[in-house]
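As you go down the protein sequences, you meet chains A and B in turn. Under my numbering, residue 155 is the last one in the first sequence; the count climbs by one each step, no gaps. Under my numbering, residue 635 is the last one in the second sequence; the count climbs by one each step, no gaps. Built from N, CA and C at the ideal position, the CB exists for glycine as well. For reference, the structure is listed below as structure tokens.
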Amino acid sequence: MACKDGKGGCKDTKKGQSGGKLNLSSITNVLKILSAAFKLQATPVTPIPPPLLIIGAKLRTGLSARNIASRIISRQSEAGAPTGDIFSEGENVSEALETIRVQEIMNAILTEGKVEVALPPGSIQTTSLGVGNFGAPVTSTGMNINIVSGDGIIR
Amino acid sequence: MSLIDDKNAIFGQISALRTSCEGFPKLNLSNSMCSMDNLPNPLDYLIDLLKATIGFESLNLILTKTLTYDLSKIEIEIKKALKRELKSLVSCGVNPSIPNFFLHQTINPLSTGINLDMRKVDYLGVMLIDPNTDAGLLSYGDTNGGLNSVDFHTYLFETIQQDGNQTNWGNINNGSDILSFEFNSIGSTNNQLNIKASQYYSDPVNNKKLTDLNNDFIDSVNLFGSSLMINNIVDSLFGTISSEIGKTIEQIKKEVEIEQIIECFLNTDETTIVDDSFFEFSNESVRIQEEEANSRGNGIKKIKNCGEVAGEIPIPTLTGLTTNILAATNISDVAEIITSGIDEIATLSSDKIQNKDKITAKLNFIDEAIRKLMIKMGGIILSPKIITIFAINHHIVYGTDILDPIEWMKKNKTLMTSIMTSIRETIIKILLEEVIKNIKGVVTCAAQKVIIERTKTQAAQLASLVGISQDVLRMIQGLG
């Protein structure tokens, strides 16, 4: 029953494989699947009530590089790093480096950092009271109708 | 980004998440991970990822799950591929009838059947082992069944012992006989297996076509069994059974050669061109094959550990495990037995290794076992239970016998690729599920920590706005 072309003479009637089946033999697909496994939906942070901000901001002491470095160094032992001048060669280099690191980061934040604020339309409300013609009181209200922006620094 | 950067990125993300989660094994990313390269093999990468992140016990469970619950799924996929290939071989758009010369002698007294050389049907020498021995228990299924065994290999061995008497296969698993076999050790050509369609399939009343015969035969054979696969894996790594039965080095070399060819098919991806180079070996490959054949012939595996040590698995370990699996009454018992069996084998394999390297040795054993499992699953198509039906159809279509299984594989690259792709994708799916489960665990843990941290930070921020002291604020946030 040999077919003339020696291959069975058959046309493949099976429909081509296409469509949604994911090719797991492809490293690219496998890496995409693995990367997707790390994604979690992020939720925005809860805003702090503005009245509290107004009061509390006045109480802030401002950033201090030395204070931050001190706290890091005091907690070094939690990570198993040696603390204090225990090396025969001299000072604890990692502690000195930590201080330098924090000072430079703080310097950049305090002297080069900038805070930009944008307020949406309607966020600034005004009310004014005046006297109109013939001494009659006149009240007017208003609000910002455009986006308002402002600049600040970090202390 | 190159592949190696993408691969490193995954490890980096896991490592970063673990810094905030307690209770997870430390990530162990070492230069010995051969998958950290630009090669597109997802299998090696997933195994290395699992070795680094979850450790031996979890990998053992993956292997157990595959050997217990997933073998049947893989078998279904392989059988689909086999049936497709047989159908395309014989059917030219029309379902062909069983040729007259292949009909049973009770329907066509002049039929000659098909004569196959036993050496080509049993290229790997399965029939050299007697099912009624310890080695036979490890190599055959249902060894007590004799001619009524549900395992085709046991049935075929018993048919060979009948020498000159015709027997039938199929009734036990199919409800009716499918093929009739007669082994003739002496004849115009010695050691020939004469095959005809059974009386039932030859009878026109039953309206059976060649495609029905092929499909029913494929359905009637069991391709895999848990204990057989474990024994095959251990024999492939340590030569336990080969040395017990005294297999010749030449015979073992044939097996090693076929395993290397199958491994080439296993490592293909969508960009690989499958050609005859898969079947050619360099001088270095031949040297490695000879070395491996020698080791297996001696029942050992050479393991590198500050020099070389010889790992071996004694045969009573395998016979004990096989007996326990066969005696188990439900699948969860089988899974438990396999888990402890693999642990015992891994421990024995690292027996001569220095203590500090034992864990690595056990991980390497599991790594090799998973790869050998896939190779042995692919190699099943060269066993008598599958090669027989292809040899029959080849004879019917072309009028000639298959040359030898390696030539047959060369002519059937599409089938080999299809089968190995099914096996590879099933294993990758299992490994990927485990990796994602592990990643999700770490991601969830890290997300919980972030939520707790944000809540504490918010509380501290609110408190800082009403003049609470720094000491209290640090206590709220849990800082030292």
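Here's the rule: buried if 16 or more other CB atoms are within 10 angstroms of the residue's CB, otherwise exposed. What is residue i?
| i | result |
| --- | --- |
| lysine 531 of chain B | buried |
| alanine 79 of chain A | exposed |
| glutamate 410 of chain B | buried |
| proline 137 of chain A | exposed |
| leucine 620 of chain B | buried |
| glycine 380 of chain B | buried |
| glutamine 317 of chain B | exposed |
| glycine 135 of chain A | exposed |
| aspartate 277 of chain B | buried |
| methionine 143 of chain A | exposed |
| threonine 298 of chain B | buried |
| glycine 342 of chain B | exposed |
| glycine 466 of chain B | buried |
| valine 45 of chain A | exposed |
| alanine 57 of chain A | exposed |
| glutamate 589 of chain B | buried |
| asparagine 186 of chain B | Model confidence at asparagine 186 of chain B stands at a pLDDT of 49, short of 50, so the residue's coordinates are unreliable and nothing is read from them. |
| glutamine 347 of chain B | buried |
| serine 304 of chain B | buried |
| threonine 83 of chain A | exposed |
If you measure between the beta carbons of residue i and residue j, is that distance less than 8 Å?
| i | j | result |
| --- | --- | --- |
| leucine 421 of chain B | arginine 579 of chain B | yes |
| tryptophan 324 of chain B | phenylalanine 338 of chain B | no |
| leucine 271 of chain B | isoleucine 350 of chain B | yes |
| alanine 586 of chain B | leucine 205 of chain B | Note that residue 586 of chain B is leucine in the sequence shown here, rather than alanine. Yes, the pair counts as a contact, with Cβ atoms nearer than the cut-off. |
| serine 397 of chain B | glycine 452 of chain B | yes |
| tyrosine 124 of chain B | leucine 368 of chain B | With chain B represented from 156 up to 635, any question about residue 124 of chain B goes unanswered, as that position is not in the structure. |
| asparagine 328 of chain B | serine 294 of chain B | no |
| isoleucine 27 of chain A | asparagine 196 of chain B | yes |
| threonine 314 of chain B | glycine 296 of chain B | no |
| alanine 236 of chain B | serine 573 of chain B | yes |
| leucine 198 of chain B | isoleucine 583 of chain B | yes |
| aspartate 431 of chain B | lysine 565 of chain B | yes |
| glutamate 232 of chain B | threonine 581 of chain B | yes |
| leucine 334 of chain B | alanine 352 of chain B | yes |
| serine 504 of chain B | leucine 365 of chain B | no |
| alanine 81 of chain A | serine 94 of chain A | yes |
| serine 522 of chain B | isoleucine 202 of chain B | For the sequence presented, residue 522 of chain B should be read as aspartate rather than serine. Yes, they are a contact pair. |
| glycine 622 of chain B | leucine 31 of chain A | no |
| proline 121 of chain A | isoleucine 153 of chain A | no |
| asparagine 370 of chain B | lysine 238 of chain B | yes |
Quick test of your reading: residue i and residue j, contact by CB under 8 Å. State the CB separation rounded to the nearest angstrom.
| i | j | result |
| --- | --- | --- |
| phenylalanine 257 of chain B | methionine 282 of chain B | With 8 Å as the limit, phenylalanine 257 of chain B and methionine 282 of chain B do not qualify as a contact, their Cβ atoms being about 23 Å apart. |
| leucine 34 of chain A | isoleucine 165 of chain B | 5 Å |
| threonine 472 of chain B | isoleucine 500 of chain B | 6 Å |
| alanine 546 of chain B | isoleucine 561 of chain B | Contact flag wrong, Cβ pair sits at about 14 Å. |
| asparagine 548 of chain B | valine 245 of chain B | 5 Å |
| glutamate 399 of chain B | isoleucine 468 of chain B | In fact, because the Cβ distance is near 11 Å, the residues do not count as touching under 8 Å. |
| threonine 477 of chain B | asparagine 386 of chain B | 7 Å |
Within 8 Å (strictly less), CB to CB, does residue i reach chain B?
| i | result |
| --- | --- |
| glycine 56 of chain A | yes |
| serine 64 of chain A | no |
| valine 115 of chain A | no |
| valine 138 of chain A | no |
| threonine 83 of chain A | no |
| alanine 118 of chain A | no |
| serine 25 of chain A | yes |
| alanine 37 of chain A | yes |
| isoleucine 154 of chain A | no |
Using a Cβ cut-off of 9 Å, pull out every chain E residue sitting near residue i, in sequence order please.
| i | result |
| --- | --- |
| leucine 31 of chain A | Checking the listed chains, one finds no chain E in this structure; the protein chains it contains are A and B. |
Hey, is residue i's beta-carbon within less than 8 Å of any beta-carbon in chain A?
| i | result |
| --- | --- |
| aspartate 498 of chain B | no |
| arginine 442 of chain B | no |
| serine 580 of chain B | Note that residue 580 of chain B is glutamate in the sequence shown here, rather than serine. Yes, its Cβ sits closer than 8 Å to a Cβ of chain A. |
| isoleucine 583 of chain B | yes |
| isoleucine 231 of chain B | no |
| aspartate 431 of chain B | no |
| asparagine 186 of chain B | Confidence at asparagine 186 of chain B is low in this model, with a pLDDT of 49, below 50, so its placement is unreliable and the value that follows should be read with caution. Chain A, which has no Cβ nearer than 8 Å to the Cβ of asparagine 186 of chain B, makes this no. |
| alanine 602 of chain B | yes |
| glutamine 347 of chain B | no |
Exercise. Does the segment 444 to 457 of chain B come close enough to the segment 474 to 489 of chain B that 3 or more CB-CB pairs lie under 8 Å?
Worked result: no
For this session: Evaluate contact between the segment 206 to 224 of chain B and the segment 616 to 633 of chain B, counting only Cβ atoms and requiring at least three cross-stretch pairs below 8 Å.
Result: no
For this session: Inspect the CB distances between the segment 593 to 607 of chain B and the segment 164 to 176 of chain B and report whether three or more fall short of 8 Å.
Result: yes
For this session: Give a yes or no on contact between the segment 57 to 73 of chain A and the segment 98 to 108 of chain A, applying the rule of three or more CB pairs nearer than 8 Å.
Result: yes
Problem set entry | contact_flag[the segment 545 to 564 of chain B, the segment 490 to 497 of chain B] where n(CB pairs < 8 Å) is 3 or more | no
Exercise. Touch check for the segment 503 to 518 of chain B and the segment 360 to 369 of chain B: three-plus C-beta pairs under 8 Å?
Worked result: no
Exercise. Are three or more beta carbon pairs between the segment 512 to 526 of chain B and the segment 402 to 417 of chain B nearer than 8 Å?
Worked result: no
Exercise. Just checking, does the segment 284 to 303 of chain B make contact with the segment 566 to 579 of chain B on the three C-beta pairs under 8 Å criterion?
Worked result: no
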